[in-house]
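Read through the structure below, which is laid out as structure tokens, and then see the notes.
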Amino acid sequence: MRIVRRIAQTELSVLFISPVAWLLIAVFSIDCGLTLSSLMDDRLSTELVGSALYESLTDAIFQSRSGVLPTAMGRLHLYIPLITMSLISRESQSGSIKLLQSSPVEVLEIVFGKYLALVSYVVAMTAVLIAYMLIGGTIVENLDYAAILSGILGIFLLACTYGAIGLFMSSLSPYPAVAAIATLAALSLLNVVGTLGQDIPVVGEITNWLDFGRRGAAFTLGLVETKNIFYFLCIIGMFLGFTALKLSAGRTVEDGAVRIVKYVAVFLLAVAIGRVSAIPAITAHYDLTRGKYNSLSPESENVVSRMAGVWTITTYVNVLSRSLPRFLPARRRINTKFMNRYSRVHPEIHYEYVYYYGSVDNPDLYKRFPDKSDREIAQVVVDEHFGLDIEEVLSPDEIERVVEADAIGSWPHRVIEWRGRVAHLGFYSSWPIDPVESEITSALSRMLIGPSTIAFTAGHGERGVHAKGDADYFLALSAPRRREALIGQGFDLEPVDLRFPIRQTVDILLIADPKTAFSAEEAAHIQNYVARGGNAIIVAEPGRQNILHNVLSPLAVSLSSTQGAGVDSESGGTSTAAGYSNEAPASFYYPPGRDHEPILLDRSVSVGVLPDSSFTATPILVYESDNISRSLGVGLTRQVNGREQRIVVVGDADFMGNAAIASIKRINAMNAEFVLQLFSWLSYEKYPPPITIVEFQDTHLKIDKSGVKLLRYAIFGFVPLFFLSIAAVIHYRRRRR
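Just add 23 to the spot in the sequence shown (first one is 1) and you have this note's numbering.
Next up, the structure:
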């Protein structure tokens with residue numbers, strides 16, 4: 024070890040005598056500082072114009088794709104070759120390598136000594152990042168230091184790995200410039216290798232293993248996984264072994280085949296250790312972010328823990344659809360990212376793909392092939408992209424025997440299966456198109472405990488659950504490509520025939536603005552359902568109060584003939600801007616930053632509860648103006664058969680109509696969230712399952728514009744001048760000598 028230290032000290036003295044080393048640190052600090060100051064300036068501008076920030080500044084400034092840590096990690100391969108290029112090639116060029124090889128010093132001592140010097144330089148580079156982290160801590164309130172330190176650890180490991188590769192390249196050539204170019208080429212290739220050969224299973228497995236960027240990116244997100252640490256250590260050990268084998272070739276004469284076998288043995292040993300360390304049973308991961316944003320919520324983990332065994336996720340893709348490029352074999356690994364948090368705690372997830380063809384809404388495709396059938400077009404597509412036989416792509420008849428008919432079309436369809444039970448994982452028309460945690464956990468819960476069934480009345484002119492008219496409820500309830508629609512959140516929808524008693528399996532009864540009164544028999548079935556403790560939601564329009572009299576009278580609920588006060592909406596017309604009452608159940612809440620957004624009701628009427636009601640009435644939606652408060656939506660609860668019965672009456676039926684839901688994003692209203700929260704409360708928060716979300720604490724900057732300018736002066740003035748002055752002094756002293 025003494026010899027290793029002496030070699031390292033000698034190498035460091037040579038390294039830091041060169042002005043190049045100081046120049047590189049200066050350029051690296053400017054590079055990182057430019058990103059830091061630019062992002063802080065952007066965030067400060069956002070605050071100054073009055074836009075509240077509801078994002079993590081730790082993430083936005085340090086961890087995001089354009090943040091300090093990923094930017095530094097993405098440019099390491101430009102710096103490391105300039106440091107490693109002369110570590111050994113300098114010795115070869117001067118002839119001193121022969122003295123080293125003939126000395127009693129072991130080859131491994133030479134390699135480790137030079138590498139230790141390189142690691143010391145990498146420590147100096149990462150110290151720049153630590154300094155910027157400390158600066159960030161003085162500027163950002165409640166900066167998440169642990170998450171940033173995780174990213175710095177990843178950068179350190181990646182730089183050390185690049186250094187080991189550069190050391191090996193330096194041993195291959197006596198010319199430093201050649202070694203630098205070879206190192207740069209190798210590192211550039213390794214930065215893109217993860218995208219190569221993904222459509223060939225064996226090749227894809229190898230390139231995935233060599234994908235440095237993917238493993239380093241996990242660290243920048245605040246996630247430390249033991250398998251990634253061992254992976255970098257294995258790569259470092261492998262290239263140090265290669266370097267030792269190359270240097271030992273100057274001491275002994277060996278047959279070429281024996282030398283190749285040694286290189287292969289070192290490679291296989293590194294791969295074996297890396298593969299063993301990645302076995303899920305012995306892999307640990309640590310989410311260092313303050314809010315555990317890389318991990319599943321406790322609620323999701325509880326569901327996953329109850330679902331032991333293999334999960335199979337099958338994606339059905341129409342080869343004629345516009346979305347085909349995303350599902351080409353080369354992109355399959357990318358398509359599994361949405362399950363990353365689940366696969367870390369449940370690694371037994373298998374992915375399968377089924378390709379089929381069928382008519383699609385794609386005029387450009389048919390314009391390109393005007394005289395071809397769907398099968399003939401599919402033949403051309405699979406020949407160009409897959410090299411498959413058309414017989415391996417299912418026909419419309421074949422796919423209909425495999426998956427539900429309503430899934431056939433232009434959009435891909437994804438099914439998750441566990442122990443013979445299936446659920447659907449949606450592809451959405453809004454970003455992100457993949458399901459997020461609440462939707463995935465809803466699908467898992469659906470397989471585990473079954474769906475929550477919403478039965479809707481029909482035959483009296485009610486709002487259509489599957490209809491697409493402005494007043495109907497397609498978007499809120501049954502739209503398959505819409506994230507907030509109940510059909511994708513664990514609910515089933517089915518019509519109820521009121522000629523017969525309502526089934527015991529119904530969880531929620533929906534009575535959506537009937538235009539004609541229920542018969543005595545139908546009303547009796549509804550009353551019996553309520554009497555036995557069934558949950559329900561009843562919505563009505565002004566002028567139709569009498570139609571629901573035989574339904575509402577047993578509840579002691581009355582609808583006033585006076586409409587709620589109106590406000591002009593940006594979508595045109597007059598709407599009532601309601602909000603949650605202070606007494607509303609906890610299921611009804613405003614997401615962060617949206618407490619100023621109303622729930623818009625059109626021509627609403629007030630809902631009242633008579634004193635003799637057997638229910639406890641709680642206002643949910645209220646309209647308040649000029650010291651006047653009107654209840655526009657009321658929750659009714661009582662204990663029946665040991666369970667709390669829940670019923671909601673709303674004095675408007677348009678709040679979840681297609682017109683209202685389609686326009687809410689333009690007029691900033693909370694209608695879609697209210698619908699989801701409403702049915703969540705009625706299902707006892709069964710769907711969507713409650714997901715604990717930790718609010719960000721690091722949302723504000725503690726400086727103003729002048730502070731950012733001062734920071735910029737320090738970054739582009741003091742820091743580079745400090746390092747450049749050291750480089751200039753060294754250069755001057757060397758010239759004098």
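Every residue gets a Cβ at the ideal spot worked out from N, C-alpha and C, and that includes glycine.
Using only the alpha-carbon positions, how far apart do S346 and W434 sit? Counting from 1 along the sequence shown, the entry for residue 346 is found at position 323. Counting from 1 along the sequence shown, the entry for residue 434 is found at position 411. Rounded to whole angstroms, S346 and W434 show a C-alpha spacing of 7 angstroms.
Is it true that the stretch 274-294 meets the stretch 194-208, where meeting means three or more beta-carbon pairs spaced less than 8 angstroms apart? Under the three-pair Cβ rule at 8 angstroms, the stretch 274-294 does not count as touching the stretch 194-208.
Spatial neighbours of L533 in its chain, beta-carbon cut-off 6 angstroms, leaving aside the 5 residues before and after: If you number the sequence shown from 1, residue 533 lands on position 510. Cβ within range, chain order: I477, F479 and I560.
For S318, which residues in the same chain have their Cβ closer than 7 angstroms to its Cβ, ignoring the five residues on either side in sequence? Counting from one through the sequence shown, the residue named residue 318 turns up at place 295. Once the five neighbours on either side are set aside, the close Cβ partners of S318 are D310 and R364.
Buried or exposed for N251, going by 16 or more other Cβ atoms inside 10 Å? Against the sequence shown, residue 251 aligns to sequence position 228. By the Cβ neighbour-count rule, N251 is buried, with 16 or more other Cβ atoms within 10 Å of its own.
Just how far apart, CA to CA, sit S592 and T599? Position 569 of the sequence shown, counted from the first residue, corresponds to residue 592. Position 576 of the sequence shown, counted from the first residue, corresponds to residue 599. For S592, the predicted structure reports a pLDDT of 41, less than 50, and the residue's modelled location is therefore unreliable. A value from the coordinates is still provided. Just so you know, the alpha carbons of S592 and T599 end up roughly 9 angstroms apart.
Could you tell me the distance, in whole angstroms, from the CA atom of Y102 to the CA atom of V368? Along the sequence shown, read from residue 1 onward, the residue named residue 102 stands at position 79. Along the sequence shown, read from residue 1 onward, the residue named residue 368 stands at position 345. Here the alpha carbons of V368 and Y102 stand approximately 37 angstroms from one another.
Whose C-alpha, out of S703, Y603, A609 and S629, is nearest the C-alpha of A508? In the sequence shown, the residue the question calls residue 508 occupies position 485. Of S703, Y603, A609 and S629, the smallest CA-CA separation from A508 is found for S703.
Rounded to the nearest angstrom, how far is the Cβ of L582 from that of V630, given a contact under 8 angstroms? Along the sequence shown, read from residue 1 onward, the residue named residue 582 stands at position 559. Along the sequence shown, read from residue 1 onward, the residue named residue 630 stands at position 607. At roughly 6 angstroms, the Cβ-Cβ gap stays under 8 angstroms, so L582 and V630 are in contact.
Mark G566 as exposed unless 16 or more other C-beta atoms lie within 10 angstroms of its C-beta, in which case mark it buried. Position 543 of the sequence shown, counted from the first residue, corresponds to residue 566. Burial state of G566 is exposed, judged by a 10 Å Cβ sphere holding fewer than 16 other Cβ atoms.
At which residue ranges does the stretch 35-119 contain complete alpha helix (DSSP H) runs of 4 or more residues, listed in the order of the chain? Along the length of the stretch 35-119, whole alpha helix (DSSP H) runs at least 4 residues long occupy 42-71, 91-107 and 112-117, reported in chain order.
Tell me, which residues are paired with P518 by DSSP? Residue numbering aside, residue 518 sits at position 495 when the sequence shown is read from its first letter. DSSP lists F479 as the bridge partner or partners of P518.
Using the Cβ count rule (16 or more neighbours within 10 Å means buried), how would you classify H100? Numbered from its first residue, the sequence shown carries residue 100 at position 77. Around the Cβ of H100, a 10 Å sphere holds 16 or more other Cβ atoms; the residue is buried.
Complete runs of the alpha helix (DSSP H) confined to the stretch 326-378 [at least 4 residues]: With a minimum length of 4 residues, the continuous alpha helix (DSSP H) runs that stay inside the stretch 326-378 are 363-368.
Does the distance from the CB of G492 to the CB of E462 come in under 8 angstroms? Numbered from 1 along the sequence shown, position 469 holds the residue referred to as residue 492. Numbered from 1 along the sequence shown, position 439 holds the residue referred to as residue 462. It is not a contact, given that the beta carbons lie outside the stated cut-off.
Stretch pair the stretch 633-646 + the stretch 599-615: three plus CB contacts closer than 8 angstroms: Note that the stretch 633-646 touches the stretch 599-615; at least 3 beta-carbon pairs, one per stretch, sit closer than 8 angstroms.
Nearest by alpha-carbon distance to A307: which of S211, E70, I400 and E248 is it? Within the sequence shown, numbered from 1, the residue matching residue 307 stands at position 284. Scanning S211, E70, I400 and E248 for the CA closest to the CA of A307 turns up E248.
If you draw a straight line from the C-alpha of S594 to the C-alpha of G658, how long is it? Here the question's residue 594 lines up with position 571 in the sequence shown. Here the question's residue 658 lines up with position 635 in the sequence shown. Residue placement at S594 is flagged as unreliable, the pLDDT there being 40, under the threshold of 50; a coordinate-derived value is accordingly withheld.
Nearest to P348 (by Cα), restricted to the options Y389, F253, A200 and Y378: Here residue 348 is taken as the residue at index 325 of the sequence shown, counted from 1. Sorting Y389, F253, A200 and Y378 by C-alpha distance to the C-alpha of P348 places Y378 at the top.
Which first and last residues belong to the beta strand (DSSP E) in which I534 is found? Position 511 of the sequence shown, counted from the first residue, corresponds to residue 534. I534 -> beta strand (DSSP E) spans I531 to A535.
Between V134 and the rest of its own chain, which residues show a CB-CB distance below 8 angstroms, the 5 nearest in sequence each way excluded? As a position in the sequence shown, residue 134 is number 111, starting the count at 1. Taking V134 as the centre and dropping the five residues before and after it, the same chain places the C-beta of L190, L263, T266, A267 and L270 closer than 8 angstroms to its C-beta, in chain order.
Rounded straight-line distance, which links the Cα of Y144 to that of I178: Within the sequence shown, numbered from 1, the residue matching residue 178 stands at position 155. Within the sequence shown, numbered from 1, the residue matching residue 144 stands at position 121. Going by the C-alpha atoms only, they are around 13 angstroms apart.
Contact between the stretch 290-304 and the stretch 675-688 is defined here as three or more beta-carbon pairs at a separation below 8 angstroms; is this criterion met? Contact fails: fewer than three Cβ-Cβ distances are below 8 angstroms.
Decide if L744 is buried, meaning its Cβ has at least 16 other Cβ atoms within 10 Å, or exposed. Start at 1 with the first residue of the sequence shown, and residue 744 comes out as number 721. Counting of Cβ neighbours within 10 angstroms places L744 among the exposed residues, the total staying below 16.
Alpha carbon to alpha carbon, what distance is there between F739 and F514? Here residue 514 corresponds to residue number 491 of the sequence shown, with the count starting at 1. Here residue 739 corresponds to residue number 716 of the sequence shown, with the count starting at 1. A direct Cα-Cα distance of roughly 57 angstroms separates F514 from F739.
On the three-pair Cβ rule with 8 angstroms, is the stretch 170-186 touching the stretch 231-250? Touching, yes, given that three or more Cβ pairs across the two stretches are closer than 8 angstroms.
I'd like to check one pair, I336 with Y374: are the Cβ atoms closer than 8 angstroms? Reading the sequence shown from its first residue, position 351 is the one you call residue 374. Reading the sequence shown from its first residue, position 313 is the one you call residue 336. Yes. Within cutoff.
Ends of the beta strand (DSSP E) at M440? Translated into the one-based positions of the sequence shown, residue 440 becomes position 417. Here residue 440 is Glu; the residue named in the question, Met, does not match the sequence. Where E440 is concerned, the enclosing beta strand (DSSP E) stretches over H436 to W441.
Alpha carbons only, please: which of G730, P712 and A494 is nearest the one belonging to E322? If you number the sequence shown from 1, residue 322 lands on position 299. Residue P712 holds the alpha-carbon nearest to the alpha-carbon of E322 among G730, P712 and A494.
Assign E564 to buried or exposed, taking buried as 16 or more other Cβ atoms, counted over all protein chains shown, within 10 Å of its Cβ. The count along the sequence shown starts at 1 and reaches residue 564 at position 541. Label assigned to E564: buried.
Assess, as a yes-or-no matter, whether the stretch 516-526 is touched by the stretch 542-551 under the definition of 3 or more beta carbon pairs within less than 8 angstroms. Two segments are said to touch when three or more pairs of C-beta atoms, one from each, lie closer than 8 angstroms; by this definition the stretch 542-551 touches the stretch 516-526.
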